[in-house]
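Engineer: Chains as they are written, first to last, in my numbering: chain A, 1254 to 1475; chain B, 1254 to 1475.
Protein chains: 2
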Amino acid sequence: MGSLTEENYIKSIYALSEATGEVYVSELAKKLDVKLPSVNSMVKRLATKKLVAYAPYKGIKLTEKGKKEALAIIRKHRLAELFLVKVMGLGWEEVHDIAEQLEHVNSSRFYERIDELLNRPKFDPHGEPIPDSNGKIYNQQRTSLIDLEEGLTATITAVTEDEKSFLDHLNAKGLQIGDSVTIMKREMFDGSITLQHKSKKEILLTHQVAERIWVEVTVTRS
Amino acid sequence: MGSLTEENYIKSIYALSEATGEVYVSELAKKLDVKLPSVNSMVKRLATKKLVAYAPYKGIKLTEKGKKEALAIIRKHRLAELFLVKVMGLGWEEVHDIAEQLEHVNSSRFYERIDELLNRPKFDPHGEPIPDSNGKIYNQQRTSLIDLEEGLTATITAVTEDEKSFLDHLNAKGLQIGDSVTIMKREMFDGSITLQHKSKKEILLTHQVAERIWVEVTVTRS
DNA sequence: ATAATATGTTAGATGACTCTAATATTTTAA
DNA sequence: TTAAAATATTAGAGTCATCTAACATATTAT
């Protein structure tokens, strides 16, 4: 097992490569809030440890070994988040920062027990899939709310980002994972969307918010 | 808040000074498993931060500020241990190492919630008192099993050391915190003690084991 | 296709924490 | 009361992870 810092690099490389395939030094520097030379030297170190494949001026890619380590950390993070919500009764908007710390706890017993208590869960409180103990992860196909036609009904399956302010915003709107929503109106001018919610209320979401909400279509015509 | 290393020094200084009043560089080095010069330079650093009072070739003492920090860490450690046992169902013999990691988690929300779920507990699974959120700690008066006369009956209130092998040993003997025991025989030759236990069984403990078991006398004659 | 811009690397330094080897102080015991 | 033993400190170096300043390569846009 590597250091805490090393684990954070691996995790960030994984997250960024999910989005874009390859990761660039500058992206990583931005994400980790360190300067370019710090990333450069750490990436070299990770390369000598065979955790990443890296050639100067080219992108960074995790090796199989690196990917495995990343998935182990992500597993711990997501198990921790769900545990904090389900067992400890914390809100989904406040568990990210705690899980950032718990993900570095080195104890198979601890995580085995959490997994057991939660009955081998498949998704975290934000709808993200939890890799199994072999690092196998369910790859959701994701449709964003902004891509749905008017009249369609869909279930919220996940939200992007653990940013507290975003989740506070969703709490204020009364939206949760699993909620069913119907697209009432898509506003051409600003990209905002009006939803019909189970609560019977109509909810207006800006484009910026709606694009971070992932859904599965359940009814194709209303 | 200091670094993880700093926290571990503070905690160890507190623990050692409980036993002996003042702490010496060599004791600390042994406890933390580092060499003397490492301790020396760290102690100097802690002194500039006003966490310890220290003069070369003299003992080390925590300042009020240092003591407060130590108690905060101990509180987190002991809350974590109890949580791991009561909520997560782990054994008292396996929680120490996990708590060593959890004690460094920086989240008042996390610990506030644990405290709440456990209903503001006063003692950890090994009978050690949990400091309250102001750092106030109940100071038990401790009688060791080896100091009891034959015929006395007492309740086990605590055990010293979180060493797994010791706790495994007590598990094998069937002894737990809260158990009532009667001293049947004190062997002069080797200091071993024979107990009558609630299980009706007679239990033989070596001196080495008995001296780490703390009790409160409940019946002064049998 | 070359100049401007963006991105990446190297060199050298720093702070936290550790080490070994050498030296100093304190304690203890002959 | 001085020599031996135990304990503590200083000096100097190494690793990890970061930084700034200077330089190198790649991309883009005129």
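Glycine residues also receive a C-beta, built at the ideal position from the N, C-alpha and C atoms.
Short of 6 Å in beta carbon distance, which residues of its chain neighbour glutamate 1464 of chain A, apart from the five on each side in sequence? Order them along the chain.
Structural biologist: Ser1397, Ile1399.
Engineer: Please name the residue in B:Glu1259, B:Glu1346, B:Leu1405 whose C-alpha comes closest to that of arginine 1362 of chain A.
Structural biologist: Considering only alpha carbons, the answer is B:Glu1346.
Engineer: Determine the chain B residues that contact isoleucine 1351 of chain A at a beta-carbon separation under 8 Å, and present them in chain order.
Structural biologist: Chain B residues near isoleucine 1351 of chain A: Val1358, Ser1360, Arg1362, Phe1363.
Engineer: So which of A:Gly1444, A:Gly1431, A:Ala1352, A:Ile1466 has the shortest CA-CA distance to phenylalanine 1419 of chain A?
Structural biologist: Ranking the options by Cα distance to phenylalanine 1419 of chain A, first place goes to A:Ile1466.
Engineer: Quick check on DSSP: helix, strand or coil for phenylalanine 1376 of chain A?
Structural biologist: The answer is strand: DSSP assigns phenylalanine 1376 of chain A an E or B state.
Engineer: Excluding sequence positions up to five away, which residues of its chain have a Cβ less than 7 Å from the Cβ of alanine 1352 of chain A?
Structural biologist: So the list reads His1330, Ala1333, Glu1334, Leu1337, once near-sequence residues are dropped.
Engineer: Rounded to whole angstroms, what's the CA-CA distance from isoleucine 1313 of chain A to alanine 1268 of chain A? Just pull it up for me.
Structural biologist: The straight-line gap from Cα to Cα measures roughly 12 Å.
Engineer: Please confirm if glycine 1255 of chain A has its CB atom under 8 Å from at least one CB of chain B.
Structural biologist: No - not a single Cβ of chain B is within 8 Å of the one on glycine 1255 of chain A.
Engineer: Quick one: give me the first and last residue of the alpha helix (DSSP H) that isoleucine 1327 of chain A is part of.
Structural biologist: Residues 1317-1339.
Engineer: Find out if the Cβ-Cβ distance for the pair glycine 1427 of chain B, histidine 1460 of chain B is shorter than 8 Å.
Structural biologist: In this structure, histidine 1460 of chain B does not lie closer than 8 Å to glycine 1427 of chain B by Cβ.
Engineer: With valine 1348 of chain B and leucine 1370 of chain B assumed to form a contact (beta carbons below 8 Å), what rounded beta-carbon distance in angstroms separates them?
Structural biologist: Contact flag wrong, Cβ pair sits at about 16 Å.
Engineer: Does DSSP put alanine 1308 of chain A in a helix, a strand or coil?
Structural biologist: Alanine 1308 of chain A falls in the coil class under three-state DSSP.
Engineer: For proline 1384 of chain B, count neighbouring Cβ atoms within 10 angstroms of its own Cβ and tell me buried if that reaches 16, exposed if not.
Structural biologist: Buried, since its Cβ has 16 or more Cβ neighbours within 10 Å.
Engineer: Considering Cα atoms alone, identify which of A:Lys1297, A:Tyr1307, A:Gly1388 is closest to alanine 1325 of chain A.
Structural biologist: Out of A:Lys1297, A:Tyr1307, A:Gly1388, A:Gly1388 has the C-alpha closest to the C-alpha of alanine 1325 of chain A.
Engineer: So, using beta-carbon positions, are lysine 1375 of chain A and alanine 1323 of chain A closer together than 8 Å?
Structural biologist: No, Cβ-Cβ distance for lysine 1375 of chain A and alanine 1323 of chain A is not below 8 Å.
Engineer: Going by alpha carbons, who is nearest to isoleucine 1390 of chain A out of A:Lys1320, A:Glu1416, A:Asn1359?
Structural biologist: Of A:Lys1320, A:Glu1416, A:Asn1359, the residue nearest in Cα terms is A:Lys1320.
Engineer: What residue range does the beta strand (DSSP E) around methionine 1437 of chain B cover?
Structural biologist: Note, methionine 1437 of chain B: beta strand (DSSP E), 1433-1439.
Engineer: Specify the secondary structure class of proline 1382 of chain B as computed by DSSP and reduced to three states.
Structural biologist: Looking at proline 1382 of chain B - three-state DSSP - the assignment turns out to be strand.
Engineer: Should valine 1278 of chain B be labelled buried (16 or more other beta-carbon atoms within 10 Å of its own) or exposed?
Structural biologist: Buried, by the Cβ-count rule.
Engineer: Let me know if alanine 1272 of chain A comes out buried or exposed under the rule of 16 or more other beta-carbons within 10 Å of its beta-carbon.
Structural biologist: By the neighbour-count rule (16 or more Cβ atoms within 10 Å), alanine 1272 of chain A is not buried but exposed.
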